[in-house]
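J.: Questions regarding the structure given below will be posed in turn.
Numbering (the working numbering), first residue to last: 1444 to 1507.
What follows is the structure, encoded as structure tokens:
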């Protein structure tokens, strides 16, 4: 049988300095999120603000 792994989403490596790393974890802990969850939240809020000003971004056909 041919089994496919479930889609986990895209991976994004990010290099940040120690101070920014500490502050990210501090804020994410404050809000009860993981650092990854906080980054996703912040990206979504930035996209929401951008689209409110510039219009909805439509992914190209077939983009995954």
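The C-beta atom is built at its ideal place from N, Cα and C for all residues, glycine as well.
1) Would you give the residue range spanned by the alpha helix (DSSP H) that residue 1467 belongs to?
2) Rounded to the nearest angstrom, what separates residue 1494 and residue 1459 at their Cα positions?
3) Can you tell me where the alpha helix (DSSP H) with residue 1454 in it begins and where it stops?
4) Could you give the DSSP three-state label for residue 1478: helix, strand or coil?
T.: The structure says:
1) 1461 to 1473
2) Rounded to the nearest angstrom, the two C-alpha atoms are 26 Å apart.
3) First-last for residue 1454: undefined, no H or E at that position.
4) helix
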